[in-house]
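Quick note, the sequence shown lines up with residues 0 to 393 if you use numbering that gives the first Met the number 0.
Just so you know, even glycine gets a beta-carbon here, dropped at the ideal spot from N, CA and C.
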Amino acid sequence: MRTQVGIVGAGPAGLLLARLLEAQGIESVVLEARDRHYVEHRVRAGVLEHGCAETLREAGVGARMDAEGLTHDGTNLRFGLKTHRIDFAELTGRGVMVYGQQEVVKDLIAARVATGGELRFEVGDVALEGLESEQPVITYSRDGGRESVECDFVIGADGFHGISRGYLPDLTAYERNYPFAWLGILAEAPPSAAELIYARHANGFALHSMRSPTITRMYLQVAPDESLDEWPDERIWAELHTRLADDSGFVLTEGPLLSKGITPMRSFVASPMRHGRLYLAGDAAHIVPPTGAKGMNLAVADVRLLARALGGYYAAGREDLLAAYSDTASRRVWRSTHFSWWMTTNLHKSPDDDPFDEALALAQLNYVVTSRAMATALAENYTGLPYEHDWYYR
Ligand SMILES: Cc1cc2nc3c(=O)[nH]c(=O)nc-3n(C[C@H](O)[C@H](O)[C@H](O)COP(=O)(O)OP(=O)(O)OC[C@H]3O[C@@H](n4cnc5c(N)ncnc54)[C@H](O)[C@@H]3O)c2cc1C
């Protein structure tokens with residue numbers, strides 16, 4: 000089989016790229032290791048930057064998001080029993096969209112299927128060949144046989160545990176493992192607040208978030224080696240009540256738990272994001288701790304750039320945008336990496352109860368809620384810097 004762009008991975012990055020290429024008349028094949036049901040029900044991120052939501056609209060997959068998603072014009076920081084609202088709309092003129100990643104994935108798959116674009120699930124043992132040539136080949140197993148796709152370019156959009164990153168011979172990995180993890184739950188309960196609540200408490204961080212008017216998503220800071228067995232539902236609710244309490248009479252609504260899981264907190268940045276005709280996008284190249292809600296947004300930002308670069312190549316033979324991709328994408332990656340680290344560091348309790356770290360974090364949070372400049376910095380990072388910002392350094 001032959002195509003122009005071979006894409007490994009049908010997460011938000013791979014699927015959106017295929018869609019953006021299709022809009023420019025560029026053919027692609029998307030290869031996914033899992034089955035359709037699995038990828039459509041994988042609960043992960045849920046906060047879309049202003050520009051991310053706009054990108055989905057421009058790609059023609061924003062209708063259900065606009066109908067069912069929740070627009071948030073601000074967020075709440077809670078510490079010392081006080082709640083402080085950061086008004087995104089007033090500070091930046093932008094907001095965020097709360098819409099589950101699995102819903103974005105469903106919309107993208109439906110659009111791909113509707114236009115008859117190639118999207119192959121349950122492929123195994125994906126391998127890449129000829130990446131330094133002009134005709135790389137992706138090989139994979141399917142239905143008991145070995146198949147291949149010849150292409151002009153290969154996009155590694157196969158997430159943090161994918162195979163693509165391993166094909167970069169001179170990769171530098173920048174990494175930070177945080178000394179805590181998040182225990183996340185999805186509950187069948189209406190959200191207890193209209194907007195997200197990021198709470199810093201002596202027992203540790205808690206986040207109150209939502210996926211819809213009937214589904215609440217919440218997180219608790221736990222130890223990195225924590226076992227779910229130690230967290231029966233009653234203990235989770237008790238801890239959420241404690242950490243999310245404030246002096247305004249906040250009431251947390253409970254409901255049956257639909258899922259619970261523990262996610263480690265890690266920052267990882269791979270550089271460069273390209274080797275020969277292989278380009279990495281999304282979690283394949285970088286991951287951030289979820290405190291800044293940047294993971295999926297970065298994946299979308301990467302493929303916006305890639306779609307533009309590949310469009311320039313096919314429409315006008317331009318190589319410059321492809322050559323600039325890794326450096327350009329990395330600028331936004333590092334900005335988001337810093338923001339995610341900053342949010343994580345200031346909102347979590349240091350596991351060794353270091354009083355110096357505690358005082359510094361509280362000093363930062365107090366600064367954010369008393370200084371318009373600091374509040375604006377948080378708001379513009381959270382709602383997402385304009386994509387043009389990525390090019391300003393050039
Ligand atoms: C458990 C978890 C919880 C998260 N929670 C949050 C959150 O609360 N908030 C937030 O902002 N972000 C969160 N994130 C981050 C966010 O979900 C990711 O940044 C986002 O999924 C990145 O999209 P992607 O398309 O780059 O990668 P992915 O969504 O990981 O997609 C990669 C795809 O490639 C497929 N694949 C992997 N290997 C192969 C292979 N060899 N061959 C073919 N296909 C392959 C995978 O099955 C997957 O479908 C979370 C991530 C994880 C892992």
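Report the rounded CA-to-CA distance for R393 versus A328, giving the unit in angstroms. Locating residue 393 in the sequence shown gives position 394, where the first residue counts as 1. Locating residue 328 in the sequence shown gives position 329, where the first residue counts as 1. In this prediction, R393 scores a pLDDT of 44, lower than 50, which makes its location untrustworthy; the coordinate-derived value is nonetheless stated afterwards. Each residue's Cα considered, the two are about 12 Å apart.
Does the beta-carbon distance from E26 to Q3 come in below 7 Å? The sequence position of residue 26 within the sequence shown is 27, counting from 1. The sequence position of residue 3 within the sequence shown is 4, counting from 1. Yes.
Return the first residue and the last residue of the beta strand (DSSP E) that A205 is part of. Sequence index remark: in the sequence shown, residue 205 carries index 206 (1-based). Run containing A205: G203 to S211, per the beta strand (DSSP E) assignment.
Using C-beta distances below 6 Å, list every residue in its chain close to S140, excluding the 5 sequence neighbours before and after it, in chain order. Translated into positions along the sequence shown, residue 140 becomes position 141. Cβ within range, chain order: G123 and D124.
In angstroms, rounded to a whole number, what distance separates the CA positions of L76 and H240? If you number the sequence shown from 1, residue 76 lands on position 77. If you number the sequence shown from 1, residue 240 lands on position 241. In a straight line, the C-alpha of L76 is about 16 Å away from that of H240.
Identify every residue that forms a DSSP beta bridge with F267. Here residue 267 refers to the residue found at position 268 of the sequence shown. Partner(s): E174 and I286.
Got a sec, what are the start and stop residues for the alpha helix (DSSP H) H49 sits in? Here residue 49 corresponds to residue number 50 of the sequence shown, with the count starting at 1. H49 -> alpha helix (DSSP H) spans H49 to E57.
Is the number of C-beta pairs between the stretch 252 to 263 and the stretch 194 to 212 that are closer than 8 Å three or more? Judged by Cβ distances under 8 Å, the stretch 252 to 263 makes no contact with the stretch 194 to 212, as fewer than three pairs qualify.
Please report the distance separating the alpha-carbon of A306 from that of G79. Position 307 of the sequence shown, counting from 1, holds the residue named residue 306. Position 80 of the sequence shown, counting from 1, holds the residue named residue 79. Going by the C-alpha atoms only, they are around 46 Å apart.
Span separating the alpha-carbon of R303 from that of F152: Reading the sequence shown from its first residue, position 304 is the one you call residue 303. Reading the sequence shown from its first residue, position 153 is the one you call residue 152. R303 and F152 have their alpha carbons spaced roughly 16 Å apart.
Leaving aside the five residues before and after H49 along the sequence, list all residues of the same chain whose C-beta is less than 8 Å from its C-beta, in chain order. Here the question's residue 49 lines up with position 50 in the sequence shown. Within the same chain, H49 has close Cβ partners R93, G94, V95, M96, T382 and G383.
Cβ-based burial, L227 [other Cβ within 10 Å; buried from 16]: Locating residue 227 in the sequence shown gives position 228, counting from the first residue. Flag for L227 reads exposed.
Roughly how far, in whole angstroms, is the beta-carbon of A374 from the beta-carbon of I85, given that I think they are within contact range, below 8 Å? Start at 1 with the first residue of the sequence shown, and residue 374 comes out as number 375. Start at 1 with the first residue of the sequence shown, and residue 85 comes out as number 86. That belief holds up - the Cβ atoms of A374 and I85 are roughly 5 Å apart, short of 8 Å.
Candidates F87, L107 and T70: which alpha carbon is nearest E379's? On the sequence shown, position 380 is the one that residue 379 refers to. Nearest C-alpha to E379: F87.
What are the start and end residues of the beta strand (DSSP E) that includes S147? The count along the sequence shown starts at 1 and reaches residue 147 at position 148. Boundaries of the beta strand (DSSP E) around S147: G144 to E149.
Check the DSSP bridge columns for A126 and list the partner residues they point to. Translated into positions along the sequence shown, residue 126 becomes position 127. T138, per the DSSP bridge assignment.
Here's the rule I'm using: 16 or more other beta-carbon atoms within 10 Å means buried, otherwise exposed. How should M0 be labelled? Position 1 of the sequence shown, counted from the start, is the residue given in the question as residue 0. Exposed is the label assigned to M0, since fewer than 16 other Cβ atoms lie within 10 Å of its Cβ.
Cα-Cα separation, P350 to R145: In the sequence shown, the residue the question calls residue 350 occupies position 351. In the sequence shown, the residue the question calls residue 145 occupies position 146. The straight-line gap from Cα to Cα measures roughly 49 Å.
If you draw a straight line from the C-alpha of Y98 to the C-alpha of A58, how long is it? Looking up residue 98 in the sequence shown gives position 99. Looking up residue 58 in the sequence shown gives position 59. Their Cα atoms are separated by approximately 16 Å.
Decide if P288 is buried, meaning its Cβ has at least 16 other Cβ atoms within 10 Å, or exposed. Numbered from its first residue, the sequence shown carries residue 288 at position 289. Buried, since its Cβ has 16 or more Cβ neighbours within 10 Å.
Here's the rule I'm using: 16 or more other beta-carbon atoms within 10 Å means buried, otherwise exposed. How should D72 be labelled? Residue numbering aside, residue 72 sits at position 73 when the sequence shown is read from its first letter. Of the other Cβ atoms in all chains shown, 16 or more fall within 10 Å of the Cβ of D72; this residue is therefore buried.
Below 7 Å CB to CB, which residues in the same chain sit around A17 once its five sequence neighbours on both sides are set aside? Counting from 1 along the sequence shown, the entry for residue 17 is found at position 18. So the qualifying residues of the chain are I6, S27, V29, R111 and G116.
I'd like the span of the alpha helix (DSSP H) that includes T114, first residue to last. Within the sequence shown, the letter at position 115 stands for residue 114. First-last of the alpha helix (DSSP H) with T114: Q100 to T114.
Looking at the unbroken beta strand (DSSP E) that takes in M0, where does it start and where does it end? Counted from its first residue, the sequence shown places residue 0 at position 1. Careful: M0 lies outside any beta strand (DSSP E) and carries neither H nor E.
How far does the beta strand (DSSP E) with T70 in it reach, from first residue to last? Residue 70 sits at position 71 when you count from the first residue of the sequence shown. Start and end: L69 to H71.
Look up P385 in the DSSP assignment and say whether it is helix, strand or coil. Working through the sequence shown from its first residue, we reach residue 385 at position 386. If DSSP states are grouped into helix, strand and coil, P385 belongs with coil.
How long is the line joining the alpha carbons of V299 and A52, rounded to whole angstroms? For this step, residue 299 is matched to residue 300 along the sequence shown. For this step, residue 52 is matched to residue 53 along the sequence shown. V299 and A52 have their C-alpha atoms spaced approximately 10 Å apart.
Under the DSSP definition of a beta bridge, which residues are partnered with K426? The requested residue 426 does not occur in the structure, where the chain is confined to residues 0 to 393.
DSSP three-state call for R393: helix, strand or coil? Mapped onto the sequence shown, residue 393 falls at position 394. Because R393 carries a pLDDT of 44, less than 50, the predicted location of this residue cannot be relied on, and no value is offered for it.
Any idea if S132 is buried or exposed, counting beta-carbon neighbours within 10 angstroms, 16 or more meaning buried? Indexing the sequence shown from 1 puts residue 132 at position 133. S132 is exposed by the Cβ-count criterion.
On the DSSP bridge assignment, give the partners of H274 in chain order. Residue 274 sits at position 275 when you count from the first residue of the sequence shown. According to DSSP, H274 bridges with L277.
Drop a sphere of 10 angstroms on the beta-carbon of G291, count the other beta-carbons inside from all chains shown, and report buried for 16 or more, exposed for fewer. In the sequence shown, the residue the question calls residue 291 occupies position 292. Buried, by the Cβ-count rule.
With three or more beta-carbon pairs closer than 8 Å as the criterion, would you say the stretch 316 to 334 touches the stretch 345 to 359? Verdict: no, contact absent.
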